[in-house]
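Chemist:
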Amino acid sequence: MKIYISADIEGVAGTTAWEEADKDSAHYEQFRQQMTREVAAACQGAIDAGATEIWVKDAHGSGRNIYAKDLPDCVRLIRGWSGHPMMMMQELDDSFDAAMMVGYHAAASVGGNPLGHTFSSSRIFSLKINAMIASEFLCSSFAAQYVGVPVVYLSGDETICAEARQLDDELVTTSVS
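Count along the sequence shown from 1, then add 2; that gives the number in our numbering.
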């Protein structure tokens, strides 16, 4: 079984201030490690469920946050940004059996997370798709649907987990806030 995981940092446990997600801040290292631990736990859960190949997209900031050495051997880490049109779901295609999202967060303009944003906190106040406020989760879910890959798991803040369950009441979520 081949699994795709997209990971962000603003929705990992304990992250509540912008400097905690900023690589130039003294606080960043603690949350970079937390992001890595949460991704490693998701990988282990996928392995326990039968995954033999896992691709992880480091989808925060520069795309160079996760410590590769702390991930299982069957993981391929996608670092940096290529300009791929599916952004946070870069390299996802129909060869994957399922997709998971780790560290996701509330959308811009909805509240629920002090770090809520959609792609750019400085450029986008609110983004809507077909009259729905679009979170990064929603956009990533649409990308997965586009290539026919089911989204089976989401971790992040309580607000994004509630939004996700409204879209798919069978989706497994873990709220870390």
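Ideal placement from N, C-alpha and C gives every residue a C-beta, glycine not left out.
Note that the coordinates shown come from a computational prediction; the quantities given were computed from them, not determined experimentally.
Going along the chain, which residues of its own chain have a beta-carbon closer than 6 Å to the beta-carbon of glycine 65, five neighbours each way excluded?
Modeler: Cβ neighbours of glycine 65 beyond the five flanking positions: Arg81, Gly82 and Trp83.
Chemist: Beta-carbon separation of lysine 59 and alanine 9 under 8 Å?
Modeler: Against a cut-off of 8 Å, the Cβ pair of alanine 9 and lysine 59 comes out as a contact.
Chemist: Taking the alpha carbon of glycine 85 as the point to measure from, which residue in Thr54, Ala61 and Val77 has its own alpha carbon closest?
Modeler: Among Thr54, Ala61 and Val77, the Cα nearest to that of glycine 85 belongs to Ala61.
Chemist: What are the uninterrupted segments assigned as alpha helix (DSSP H) that are 4 or more residues long and contained completely in the region 84-163, given in chain order?
Modeler: With a minimum length of 4 residues, the continuous alpha helix (DSSP H) runs that stay inside the region 84-163 are 138-148.
Chemist: Applying the criterion that 16 or more other CB atoms from any shown protein chain within 10 Å of the CB defines a buried residue, is leucine 169 buried or exposed?
Modeler: Exposed is the call here.
Chemist: Can you tell me the Cα-Cα spacing of phenylalanine 188 and alanine 44, whole angstroms?
Modeler: Outside the shown range of the chain, which is 3 to 179, sits residue 188, and nothing can be said about it.
Chemist: To which residues of the same chain is alanine 48 closer than 6 Å at the C-beta, ignoring the five residues directly before and after it?
Modeler: If we look at alanine 48 and ignore the five residues flanking it on each side, its Cβ neighbours are Ile5 and Ile56.
Chemist: Can you pull the DSSP bridge partners for tryptophan 20?
Modeler: Paired residue(s): none; tryptophan 20 is not in a bridge.
Chemist: Which residue or residues does DSSP assign as beta-bridge partners of threonine 176?
Modeler: Answer by DSSP bridge pairing, in chain order: Ser157.
Chemist: With distance defined between alpha-carbon atoms, name the residue in Gln35, Val14, Ile135 and Leu117 nearest to leucine 73.
Modeler: Nearest C-alpha to leucine 73: Gln35.
Chemist: Does isoleucine 11 come out as helix, strand or coil in the three-state DSSP assignment?
Modeler: Here isoleucine 11 sits in coil by DSSP.
Chemist: Let's test the definition: count the other Cβ atoms within 10 Å of the Cβ of asparagine 115 and tell me whether it reaches 16, buried, or not, exposed.
Modeler: By the 10 Å Cβ count, asparagine 115 comes out buried.
Chemist: Put leucine 73 into one of helix, strand or coil per three-state DSSP.
Modeler: In this structure, leucine 73 counts as coil in the three-state DSSP scheme.
Chemist: For isoleucine 68, name the three-state secondary structure that DSSP assigns.
Modeler: In the structure shown, isoleucine 68 sits in coil (DSSP, three-state: anything other than H, G, I, E or B).
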